[in-house]
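In the UniProt record's numbering, the protein residues as written are 12 to 432.
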Ligand code: PLP
């Protein structure tokens, strides 16, 4: 029974290298976070050995008495955290949760109306070569060309014209709250299901800092690993177990998946327990504060003069969308420059982007991971200044001095101190 470093030094080196990378850089990918040590422990546990097809109390395998407890805890914690009447914690990922949702409430060929990918939607909301785009008849709404916000009158008009079976609310890159009551009213008017994908903002909802889609939606899906800060995986919720519970359960298993990942489900239970606490709420408050500080810094006149701007003029959530359409830097160059300074972000198409999707004219900058690391207003002000300086100075930026400033921040907030992998 050898330790990893002995058995497989190459993979052990990858784990070491990645821990160092996470410790020594500023992680600002909006969909990433640092899980608590207790989550790492549950996920790296003997529960990975267990097959448990089925649901608690109704398994197709023996020996499920312990994993049943874990899954029931995860379900009850999820329901209580989001005020839901139903929860399925088995989806392996956000994408499989979304596949199960559509499997439950639509048939192949049915019309589905979601936010278009280049305007901030997700692949599973209807991208052409994704299962969603191949199996369903996709119609998309976009953001307004001037305000870059979703215009609910336009969504209504489109829903009336397209008569979809399912309307999707939710996004991967959109910096504002959605009007769930308006989505509900439109869905009722056209007789559609309303499905909200809150993958990005679930942590803010859990902390009471973002409107909760659960009371308004027929079904809500989410990932657990973005603002919610848990293991990489997905979950489905509903306000009404009677109406859709059986369909959703059977869409996940056996509709989409075989055996659930019980180690991940146990880790989800832990993360959901953490998310109900005051420390988590404080972290989400710092997440929002950080995003606002960055947006404000990037809206200053000197930055604007360098052709850098912030879509929608600010943010209500954990991310800022930087508009580089007037900058000499494209999204790829800006991502690379920040990477050289020690800050990890991702380039992102802006709506009506003139540059191709692999280059783009935008950046998506998120604050959840740094808030988890302990950053507050003072640190986010320094981060905002490093980003603003990098983007304004462009290729002339003094990367050595920027890297020194990044190192001062990472040194002051150690990550996973003493962790042995
Ligand atoms: N839904 C939304 C809105 C997302 O942003 C994402 C991931 O980026 C997903 C679903 C998919 O999650 P996963 O990567 O776990 O499949």
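We put the CB at the ideal spot given by N, CA and C, even for glycine. On a predicted model such as this, the values are computed, not experimentally measured, just so you know.
At a threshold of 8 Å, residue 111 does not count as near the ligand PLP, since its beta carbon sits no closer than that to any of the ligand's heavy atoms.
Contact between the region 167–185 and the region 123–140 is present, with at least three C-beta pairs closer than 8 Å. By the criterion of at least three beta-carbon pairs nearer than 8 Å, the region 358–377 is not in contact with the region 403–410. Residue 133 has its CB nearer than 8 Å to a heavy atom of the ligand PLP. Exclusion of the five residues before and after residue 161 leaves 154 as the residues of its chain whose Cβ lies within less than 6 Å of its Cβ. Going by DSSP, residue 122 is part of the beta strand (DSSP E) stretching over 122–126.
Distances from the alpha-carbon of residue 361 to those of 71, 212 and 342 put 342 closest. Looking at the backbone, the Cα of residue 111 and that of residue 42 are separated by about 21 Å. According to DSSP, residue pairing for residue 149 in a beta bridge involves 123.
When only Cα atoms are considered, residue 14 and residue 336 end up about 51 Å apart. If the five residues before and after residue 318 are omitted, its C-beta is found closer than 6 Å to the C-beta atoms of 337 and 338, all from its own chain and listed in chain order. In this structure, DSSP gives residue 315 a helical state, which the three-state scheme calls helix. With a contact defined as Cβ atoms closer than 8 Å, residue 107 and residue 245 qualify at about 6 Å.
The alpha helix (DSSP H) runs of length 4 or more contained entirely in the region 269–354 are, from start to end of the chain, 273–286, 289–309, 312–316 and 342–352. In the DSSP assignment, residue 208 falls within the unbroken beta strand (DSSP E) covering 204–208. Classified as exposed, residue 253 has fewer than 16 neighbouring CB atoms from the shown chains inside 10 Å of its CB.
Residue nearest to residue 321 within the set 347, 399 and 350 is 399 (criterion: CA-CA distance).
With a 10 Å radius around the Cβ and a threshold of 16 neighbouring Cβ atoms, residue 237 comes out buried. Annotated as distal: residue 220 and residue 233, with beta-carbon spacing of 9 Å or more. Counting only runs of at least 4 residues, the region 145–197 fully encloses the following alpha helix (DSSP H) elements, listed from N- to C-terminal order: 163–173. Residue 391 is positioned such that its CB atom lies closer than 9 Å to that of residue 297. The beta carbons of residue 384 and residue 38 sit closer together than 9 Å. Straight-line measurement puts the Cα of residue 177 at about 15 Å from the Cα of residue 258.
Here residue 230 is bridged, per DSSP, to 206. Within the DSSP bridge table, the entry for residue 99 names 247 as partners.
One alpha carbon belongs to residue 228, the other to residue 286, and they sit about 22 Å apart. In this structure the region 80–98 touches the region 267–286; the number of beta carbon pairs closer than 8 Å is three or more. Between the region 301–320 and the region 199–210 there are fewer than three inter-stretch CB-CB distances shorter than 8 Å, so the stretches are not counted as touching.
Note that the C-beta distance between residue 397 and residue 345 is not below 9 Å. The DSSP-derived three-state label of residue 69 is strand. Under DSSP, residue 38 takes part in a beta bridge, and its partners are 355.
Counting other Cβ atoms within 10 Å of its Cβ, residue 376 reaches 16 or more and is therefore classed as buried. According to the DSSP assignment, residue 105 belongs to the alpha helix (DSSP H) that extends over 105–116.
According to the DSSP assignment, residue 374 belongs to the beta strand (DSSP E) that extends over 373–377.
Taking C-beta atoms under 8 Å as the contact rule, residue 100 and residue 89 qualify, at a distance of about 6 Å. Counting only residues of its own chain and dropping the five nearest sequence neighbours on each side, residue 204 has a CB closer than 6 Å to the CB of 116, 177 and 229.
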